[in-house]
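K.L.:
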Amino acid sequence: MTSKILGNRIRNARESKELTQRELALKVGLSDKSISLYEKGRVYPPIRNLISICNELGVTVSEILLD
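The sequence shown lines up with residues 3 to 69 when you count with this note's numbering.
Next up, the structure:
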């Protein structure tokens with residue numbers, strides 16, 4: 003999976019929860035810049051961060067990663 007596809011899936015999950023990047027970042031202890039970079043596909047999130055993001059968004063890592 004490309005980082006761009008992963009980023010789109012993270013963005014879609016975040017938007018479905020009606021959260022801003024800043025709100026999500028605060029909930030998972032990251033910067034809004036990090037969330038932005040992940041969603042744009044510029045940086046692949048470390049698994050620890052991906053797990054935190056998925057937990058907060060109510061999706062499994064498998065749902066985000068698998069086609």
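From the three backbone atoms N, C-alpha and C, an ideal C-beta is built for every residue, glycine too.
#1: Roughly how many angstroms separate the alpha carbons of residue 12 and residue 42, rounded to a whole number?
#2: How would you label residue 33, buried or exposed, when you count the other beta carbons within 10 angstroms and need 16 or more for buried?
#3: Below 8 angstroms on the Cβ atoms is my contact criterion, and I expect residue 64 with residue 30 to pass it. Report the Cβ-Cβ distance as a whole number of Å.
#4: Would you mind working out which of 17, 38, 18 and 27 sits nearest residue 6, comparing C-alpha positions?
#5: From which residue to which residue does the alpha helix (DSSP H) around residue 9 run?
#6: From residue 28 to residue 45, what distance separates their C-alpha atoms?
P.N.:
The short version:
#1: For the purposes of this step, residue 12 is taken as residue 10 along the sequence shown, with counting starting at 1. For the purposes of this step, residue 42 is taken as residue 40 along the sequence shown, with counting starting at 1. Their Cα atoms are separated by approximately 10 angstroms.
#2: Walking along the sequence shown from the start, residue 33 turns up at place 31. By the beta-carbon neighbour count (other beta carbons within 10 angstroms, threshold 16), residue 33 is exposed.
#3: In the sequence shown, residue 64 corresponds to position 62, counting from 1. In the sequence shown, residue 30 corresponds to position 28, counting from 1. The beta carbons of residue 64 and residue 30 sit about 18 angstroms from each other, so the pair does not count as a contact at 8 angstroms.
#4: For the purposes of this step, residue 6 is identified with residue 4 of the sequence shown, where counting begins at 1. For residue 6, the closest C-alpha among the options 17, 38, 18 and 27 is that of 38.
#5: For this step, residue 9 is matched to residue 7 along the sequence shown. Element bounds for residue 9: 5-18.
#6: Stepping through the sequence shown from its first residue, residue 28 is reached at position 26. Stepping through the sequence shown from its first residue, residue 45 is reached at position 43. The alpha-carbon atoms of residue 28 and residue 45 are separated by roughly 19 angstroms.
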